[in-house]
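Novice: When you line the sequence shown up against the UniProt record's numbering, it's residues 1 to 556, in that order.
Think of the CB as a built atom: it goes at the ideal place given N, C-alpha and C, for glycine as much as any other residue.
So that we are looking at the same thing, I have put the structure below in structure tokens.
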Amino acid sequence: MDQILTFDKSLQQRLQEFRDVLSGYEVLPSALIKKEWTFYLELTVDPIGWQAVWKIPRLKCEDLNIPFPSIVLVLVLNVEYQSLLALVRVLAVQDDITIPEKHHVPLLQLWPTEEQDNSVALNVQSTANALDMYRFFYTHVYMPWDNDEDDSVDWKSKHLESRLRLFYDLKNGIIPRATAEYIHCLLTEARRLNSKREYIESQISEDDDNVDCDDDTKDATNRNVESLMEIHVRLLEIKNEIDLFENPLFRNVVIKKQTELFTARNNKKQQIWLIFSEGTADSYIRFLEQVKIYYPSELLLFATSLAFKLETSNSRDVFILNESEHIISTTGALEQGGILKGVGSPENIILKSKSEDIILDFIGGNVLIENLTIDAKLAQCAIIVRSGTGVLKNCKIIGDGSSSTHQGIIILASAVVEIIDCEISGFCTAIVGNSGSTVLIKNSEIHDVNYGMKIYDKCIANVKKSKFHDCQQYGIVIETEDNLNIDSSKVGSFETLNIIPDMQSDCVSGSNNMKGDVIINKRRKMKPMEDLFCNPDFDPTIIEDDNREHEDDIME
């Protein structure tokens with residue numbers, strides 16, 4: 001939805017705003033930061049009656065068993081400043097989802113809309129700006145380990161400016177892409193671990209309150225305590241690394257070295273790396289005999305770790321994998337082009353990632369991934385192609401088979417993806433083609449997912465000799481704002497694709513798709529209500545009961 005209020009501010013603007021908010025104490029320990037924000041938001045955020053877009057986070061989507069991303073239009077019934085939550089009522093949903101009518105939502109998940117009911121006295125600009133500041137602070141400045149910091153430390157003087165500068169260096173491309181991706185992975189892992197820590201702590205608290213706990217409960221508590229210690233140790237490791245990057249002197253040294261390394265690597269010709277960690281003489285010989293078929297006379301180099309070579313090679317390099325499990329941390333050299341090819345049986349050449357976010361993230365160039373299995377059971381997304389061309393040949397891409405939010409391949413505007421002789425299974429949505437992207441699928445099989453493929457207006461799609469089967473929802477979903485002579489949606493066979501202007505299909509088949517092979521959805525435009533008083537349920541002058549049992553009401 002493009003009608004939300006957004007802000008694009010400079011480093012100095014952000015710095016001054018945060019100094020003003022956090023000015024209540026000469027020495028500000030981290031323990032008092034929430035109190036400062038509570039006071040500021042009480043003064044600047046309207047308590048009731050404003051409409052906003054709620055961007056439902058991934059974990060909440062999992063809890064509600066709905067696809068991610070999902071956004072809804074809500075009316076704020078009451079702001080609970082002390083807990084930094086809002087009681088909201090759902091006004092409209094964009095997709096075909098069913099969720100409770102009322103929710104308690106963290107304020108940082110709400111984006112006020114430009115259009116509001118003019119008869120309600122609101123200062124929506126102030127509300128939107130305050131929430132933008134609050135959201136930016138807790139997303140990009142405040143770290144998960146800050147809660148554990150000593151109360152004698154002045155958080156504001158120690159961290160505020162240095163972390164803002166780190167964020168803007170990342171945003172403006174001053175920090176080299178490989179290092180920026182590594183920092184992003186560390187921060188993503190830290191926030192995930194912190195969420196897990198909070199969940200485990202709540203479980204332990206519940207167990208402590210239960211005086212009649214049995215041996216199984218005590219064992220579970222002991223395991224939780226052990227998990228907490230492991231999380232604490234890992235968060236300390238991440239903190240130490242981020243503290244170094246937060247230091248501007250250290251960061252400048254890293255930038256200088258990375259720039260020199262990037263220049264030196266770009267001047268090299270293409271190199272072919274054979275990735276083989278260990279094995280017998282016979283297994284080495286078999287591997288080399290297979291490699292010789294593809295590269296009979298080229299100069300070859302050996303390496304034991306794909307993860308290390310991706311971080312130190314250039315984007316034109318070729319990486320040949322043996323039959324084993326290869327675990328990576330970042331996309332590295334492949335993000336701007338290259339070849340990743342398995343030699344042997346693709347079922348035995350397995351690519352995994354330490355990241356629970358995205359396994360392969362391509363930002364340009366031409367990338368070929370061939371003859372391997374991508375195990376994305378732990379990742380939120382297997383592959384995202386932001387620009388350039390990504391080609392997948394003879395690959396298996398496997399999700400966890402249960403998540404309502406995990407996605408297989410996401411193609412963004414201007415990017416091109418070719419999927420040839422591949423098998424994709426176990427995701428909520430196997431393939432997502434955004435507006436302006438191009439998707440070619442040939443001789444491929446997509447099965448045991450919720451949605452086989454979802455494409456949006458002006459996505460050019462060509463599907464040939466492929467099969468979509470055993471989808472829990474639909475084989476192919478077309479999201480469109482065009483008229484196409486349909487009211488809201490049209491469900492049909494794969495022949496229904498013929499009415500889509502940018503869609504070509506030939507010999508597409510499927511079976512056991514629970515709700516249908518194809519659905520064409522005419523996307524609902526979520527328009528803020530202009531007159532809240534026309535419906536007593538939405539009347540902002542009526543004080544809402546804050547009882548959480550209302551969250552059981554169902555909204556379709």
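Across which residues does DSSP place H232 in a beta bridge pair?
Specialist: What you label residue 232 is simply residue 232 of the sequence shown in a count that begins at 1. Answer is none; H232 lacks a bridge partner.
Novice: What is the rounded straight-line gap between the Cα of V27 and the Cα of W155?
Specialist: The residue given as residue 27 occupies position 27 in the sequence shown. The residue given as residue 155 occupies position 155 in the sequence shown. So the two alpha carbons sit approximately 8 angstroms from each other.
Novice: Sort K158, I174, V318 by Cα distance to D243 and report the nearest one.
Specialist: Stepping through the sequence shown from its first residue, residue 243 is reached at position 243. If we check each option's Cα against that of D243, K158 comes out closest.
Novice: How big is the Cα-Cα spacing for K206 and N194?
Specialist: Along the sequence shown, read from residue 1 onward, the residue named residue 206 stands at position 206. Along the sequence shown, read from residue 1 onward, the residue named residue 194 stands at position 194. Reading off the sequence, residue 206 comes out as Glu, not Lys. Approximately 19 angstroms between the Cα atoms of the pair.
Novice: Please state whether DSSP places V88 in a helix, a strand or coil.
Specialist: Numbered from its first residue, the sequence shown carries residue 88 at position 88. Strand at V88.
Novice: Using three-state DSSP, classify F68 as helix, strand or coil.
Specialist: Locating residue 68 in the sequence shown gives position 68, counting from the first residue. Three-state result, F68: coil.
Novice: If G338 and D317 are in contact, beta carbons under 8 angstroms, what's the gap, nearest whole angstrom?
Specialist: Indexing the sequence shown from 1 puts residue 338 at position 338. Indexing the sequence shown from 1 puts residue 317 at position 317. Contact holds; Cβ gap of about 5 angstroms.
Novice: Could you have a look at R19 and say whether DSSP puts it in helix, strand or coil?
Specialist: Counting from 1 along the sequence shown, the entry for residue 19 is found at position 19. If DSSP states are grouped into helix, strand and coil, R19 belongs with the helices.
Novice: Taking 8 angstroms as the threshold (C-beta atoms), are G390 and A376 in contact?
Specialist: For the purposes of this step, residue 376 is taken as the residue at position 376 of the sequence shown. For the purposes of this step, residue 390 is taken as the residue at position 390 of the sequence shown. No, these two residues do not count as a Cβ contact at 8 angstroms.
Novice: In or out: D150 buried (at least 16 other Cβ within 10 Å) or exposed?
Specialist: To locate residue 150, count along the sequence shown from 1; it is residue 150. D150 comes out exposed.
Novice: Taking 7 angstroms as the cut-off, is the C-beta of E335 nearer than that to any heavy atom in the ligand ATP?
Specialist: The ligand ATP is absent from the structure shown, which contains no ligands of any kind.
Novice: Can you list, in chain order, the residues of its chain with a C-beta nearer than 7 angstroms to that of G510? Leave out the 5 residues immediately preceding and following it.
Specialist: Here residue 510 refers to the residue found at position 510 of the sequence shown. The answer, listed in chain order, is K467, F468, H469, G475, F494, D517.
Novice: Looking only at C-alpha atoms, which of P57, W145, R19, Q336 sits nearest to L164?
Specialist: Taking the first residue of the sequence shown as 1, we reach residue 164 at position 164. The option with the nearest alpha carbon to L164 is R19.
Novice: Please list the terminal residues of the continuous alpha helix (DSSP H) segment that includes L166.
Specialist: For the purposes of this step, residue 166 is identified with residue 166 of the sequence shown, where counting begins at 1. Counting along the chain, the alpha helix (DSSP H) containing L166 begins and ends at 161-171.
Novice: Starting from K34 and walking both ways along the alpha helix (DSSP H), at which residues does that stretch end?
Specialist: In the sequence shown, residue 34 corresponds to position 34, counting from 1. Its alpha helix (DSSP H) spans residues 33-44.
Novice: Around the Cβ of G426, are there at least 16 other Cβ atoms within 10 angstroms (buried) or fewer (exposed)?
Specialist: Here residue 426 corresponds to residue number 426 of the sequence shown, with the count starting at 1. Label assigned to G426: buried.
Novice: Beta-carbon within less than 7 angstroms of L378's beta-carbon, same chain only, minus the 5 sequence neighbours each way: which residues are those?
Specialist: Indexing the sequence shown from 1 puts residue 378 at position 378. Answer for L378: E356, listed in chain order.
Novice: Quick check on C381: does DSSP put it in helix, strand or coil?
Specialist: As a position in the sequence shown, residue 381 is number 381, starting the count at 1. Residue state, collapsed to three classes: strand.
Novice: Following the continuous alpha helix (DSSP H) through Q504, name the residue where it begins and the one where it ends.
Specialist: Against the sequence shown, residue 504 aligns to sequence position 504. Taken as a continuous stretch (DSSP letters only), Q504 belongs to no alpha helix (DSSP H), being part of the beta strand (DSSP E) at 503-506.
Novice: Which word fits Q13, buried or exposed, when buried means at least 16 other C-beta atoms lie within 10 angstroms of its C-beta?
Specialist: Within the sequence shown, residue 13 is the residue found at index 13, counting from 1. Exposed, since its Cβ has fewer than 16 Cβ neighbours within 10 Å.
Novice: Put V153 into one of helix, strand or coil per three-state DSSP.
Specialist: Against the sequence shown, residue 153 aligns to sequence position 153. If DSSP states are grouped into helix, strand and coil, V153 belongs with coil.
Novice: Would you decide whether Y199 is buried or exposed? Buried here means 16 or more other CB atoms lie within 10 Å of its CB.
Specialist: Indexing the sequence shown from 1 puts residue 199 at position 199. Exposed is the call here.
Novice: Out of K171, T179, I441, which one is the CA nearest neighbour of E311?
Specialist: Here the question's residue 311 lines up with position 311 in the sequence shown. Answer by Cα proximity: T179.
Novice: With T480 as the anchor, note down where its beta strand (DSSP E) starts and where it stops.
Specialist: Counting from one through the sequence shown, the residue named residue 480 turns up at place 480. From DSSP, the beta strand (DSSP E) with T480 extends over 474-480.
Novice: Can you give me the Cβ contacts of S313 inside the same chain, cut-off strictly under 6 angstroms, excluding the 5 residues immediately before and after it?
Specialist: Taking the first residue of the sequence shown as position 1, residue 313 is located at position 313. Taken in chain order, the residues that qualify are A333.
Novice: Would you decide whether D8 is buried or exposed? Buried here means 16 or more other CB atoms lie within 10 Å of its CB.
Specialist: In the sequence shown, the residue the question calls residue 8 occupies position 8. Under this definition D8 is an exposed residue.
Novice: Cβ atoms of Y456 and T429: under 8 angstroms apart, would you say?
Specialist: Translated into the one-based positions of the sequence shown, residue 429 becomes position 429. Translated into the one-based positions of the sequence shown, residue 456 becomes position 456. It is not a contact, given that the beta carbons lie outside the stated cut-off.
Novice: Select from K34, K442, H406 the residue whose C-alpha is nearest the C-alpha of Y134.
Specialist: In the sequence shown, residue 134 corresponds to position 134, counting from 1. Minimum Cα distance to Y134 is reached at K34.
Novice: According to DSSP, simplified to helix, strand and coil, what is I554?
Specialist: By one-based count along the sequence shown, residue 554 stands at place 554. At I554, the pLDDT of 35 sits below 50, so the modelled position is not reliable and the matter cannot be decided from this model.
Novice: Go through its chain and collect everything with a Cβ distance to K490's Cβ below 6 angstroms, but skip five positions before and after it.
Specialist: The count along the sequence shown starts at 1 and reaches residue 490 at position 490. Excluding sequence neighbours, K490 sits near I520.
Novice: Is it the case that the segment 90-97 contacts the segment 105-122, given that we only count it when at least three CB pairs across the two stretches are under 8 angstroms?
Specialist: Touching, no.
Novice: Reducing DSSP to helix, strand and coil, say where D117 ends up.
Specialist: Position 117 of the sequence shown holds residue 117. DSSP places D117 in coil when its eight states are reduced to three.
Novice: For N247 and K256, I'd like the C-alpha separation in whole angstroms.
Specialist: As a first step, residue 247 is located in the sequence shown; it is residue number 247 there, counting from the start. As a first step, residue 256 is located in the sequence shown; it is residue number 256 there, counting from the start. Those two C-alpha atoms are separated by around 14 angstroms.
Novice: How should T6 be labelled, buried or exposed, when 16 other C-beta atoms within 10 angstroms of its C-beta is the threshold for buried?
Specialist: Along the sequence shown, one-based indexing puts residue 6 at 6. It counts as exposed.
Novice: Note down, in chain order, each residue of its chain lying with its Cβ closer than 8 angstroms to the Cβ of Y284, except the 5 sequence neighbours on either side.
Specialist: The residue given as residue 284 occupies position 284 in the sequence shown. Same-chain partners within the cutoff: F276.
Novice: Using DSSP's beta-bridge definition, name the partner residues of M453.
Specialist: Reading the sequence shown from its first residue, position 453 is the one you call residue 453. In DSSP, M453 forms a bridge with I431, I476.
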